[in-house]
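Numbering (numbering that gives the first Met the number 0), first residue to last: 0 to 427.
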Amino acid sequence: MIDVKHLIENPDLYVASQRARGADESLVEQIVSADAERRSSITAFEELRAEQKAFGKRVAAAKGDEKQQLLAEVKELSANVKAAEAASDEAKGRLDGLQRRFPNLIEDGVPAGGEDDFSTVKTVGTIRDFSADGFTARDHLEIGELIGAIDMERGAKVSGSRFYFLKGVGARLELALMQMGLDLALKNGFIPMMTPTLVRPETMQGTGFDVEHDDEIYKLERDDLYLVGTSEVALAGYHADEILELGEEPIRYAGWSTCYRREAGSAGKDTRGIIRVHQFNKLEMFIYTSPEKAAEEHARLLDWEEQMLAMVELPYRVIDTAAGDLGMSAARKFDCEAWVPTQETYRELTSTSNCTTFQARRLNIRERVAAEDGSKGGTRMVATLNGTLATTRWLVAILENHQNPDGSVNVPAALQPYLGGLEVLPVL
């Protein structure tokens with residue numbers, strides 16, 4: 000959640016952030032008012048408590064009728080104390096509720112507006128001209144069926160729409176991609192993690208997801224657990240209520256997990272193939288670092304994602320996501336979108352978000368800070384960041400961009416060692 004003290008000191012900054020997001024600007028004033036009410040109620044409670052303690056001493060020293068009269072007054076004072084305490088708790092609850100509704104403060108330079116208002120940071124690679132190659136590009140599903148990699152029909156038979164089987168070279172290709180991503184992560188100091196895919200409500204909420212109103216989340220009602228749409232959730236909750244010793248280096252995790260999304264708002268969109276599905280696998284980078292190092296780590300995450308795209312030889316672009324298209328936790332997000340030939344457009348393959356101290360504040364994750372004299376100091380919130388190195392959707396771009404006229408697919412050179420030296424995925 001946001002830092003209330005910082006909001007009260009800089010309300011215009013938060014109003015501007017809400018305006019850029021297209022979100023409710025009045026929440027800023029509501030939080031300012033709720034905080035003032037909370038402070039006032041705490042003061043009233045503490046004054047009454049002090050009066051109650053002083054009154055107790057008078058009662059102890061009194062005798063006879065005077066003591067009986069004071070005891071009657073004590074009951075009234077005790078009731079007033081309880082009422083003041085209840086008012087204080089209610090004011091705190093109101094402020095907490097507003098805090099949890101308020102999205103992260105965006106970074107300077109984030110484009111204002113909605114989904115289509117992003118800015119293009121760079122475009123990399125050459126879009127393939129299939130007409131020059133003398134054939135019309137097939138889409139990934141047709142290719143996947145020709146090479147025995149994707150089976151949507153049986154996926155639907157077993158589980159319903161937007162489910163699939165990856166088989167043969169399809170399963171091998173995804174595993175190869177994930178393993179190549181993991182090797183890149185290991186080379187850069189990440190700790191590999193196989194994460195839970197079911198989490199408690201407080202972990203889901205702590206990461207910034209609205210469990211009450213988010214139709215994208217699968218919930219197991221009987222167990223009060225949620226299926227995650229990314230291992231970011233489990234990795235964010237991993238250090239909840241802890242004090243970290245970060246030192247000079249961030250803590251970097253690479254989470255490998257199956258992910259689930261209901262795609263409730265996607266009726267009629269991307270119904271063909273594996274672009275938008277309910278279940279997929281993903282390799283997610285997650286970083287805990289000091290707040291002042293967060294922007295630097297964000298740049299590193301983006302660079303590692305671009306290295307992966309270069310290794311699979313895909314044309315892509317990087318976009319700076321507009322404020323209104325950011326999730327609640329992100330202060331800034333860069334998407335890497337690969338060219339999909341049959342759709343004649345770029346589609347998101349990976350993204351990286353700087354969540355600053357937002358998630359850590361919700362999950363109570365702090366770092367120990369040394370005092371200037373080197374002695375043991377206090378604590379402060381850490382910053383968290385995330386980014387994707389590989390996911391099932393990458394197969395769409397790989398199959399379409401590297402296809403041959405007969406439907407076979409050339410394997411990018413960097414992936415070949417992970418496929419036992421296989422250079423071409425042949426038609427069956």
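Every residue gets a Cβ at the ideal spot worked out from N, C-alpha and C, and that includes glycine.
Treat the numbers as computed from the prediction; the structure is a model and nothing was measured.
{"Asked": "Neighbourhood of V123 by C-beta, 6 Å cutoff - its chain only, sequence neighbours within 5 removed", "Found": "Y315"}
{"Asked": "Where the alpha helix (DSSP H) containing M177 begins and where it ends", "Found": "168-186"}
{"Asked": "Contact between the region 396-415 and the region 194-210 (3+ Cβ pairs under 8 Å)", "Found": "no"}
{"Asked": "Min CB distance V198 to chain C below 7 Å", "Found": "Protein chain content of the structure displayed is limited to a single chain, and chain C is not contained in it."}
{"Asked": "Under 7 Å between C-beta atoms of V339 and A396", "Found": "yes"}
{"Asked": "Validate contact between the region 37-57 and the region 83-92 using beta carbons, cut 8 Å, 3 pairs", "Found": "yes"}
{"Asked": "E296 beta carbon less than 7 Å from that of E335", "Found": "Looking at the sequence shown, residue 335 is not Glu but Cys. No, Cβ-Cβ distance for C335 and E296 is not below 7 Å."}
{"Asked": "M203, buried or exposed, once every other Cβ within 10 Å from all chains shown has been counted against 16", "Found": "buried"}
{"Asked": "Given 8 Å, three or more beta-carbon pairs between the region 286-293 and the region 379-386", "Found": "yes"}
{"Asked": "Touch test, the region 216-230 against the region 255-264, Cβ-Cβ under 8 Å, three pairs minimum", "Found": "yes"}
{"Asked": "Same chain only: Cβ atoms within 8 Å of F117, ignoring 5 sequence neighbours per side", "Found": "P110, I318, D319, T320, A321, D324, D334"}
{"Asked": "As assigned by DSSP and simplified to three states, the class of K268", "Found": "coil"}
{"Asked": "Other residues of its chain near D269: CB distance less than 6 Å, five sequence neighbours each side excluded", "Found": "R275"}
{"Asked": "Proximity below 7 Å, CB of L185 to CB of L282", "Found": "no"}
{"Asked": "Span of the beta strand (DSSP E) around G246", "Found": "Note, G246: premise wrong, no beta strand (DSSP E); not H, not E."}
{"Asked": "Contact the region 87-95 vs the region 26-41: 3+ CB pairs below 8 Å", "Found": "yes"}
{"Asked": "Nearest to W255 (by Cα), restricted to the options I190, L219, D302, E215", "Found": "I190"}
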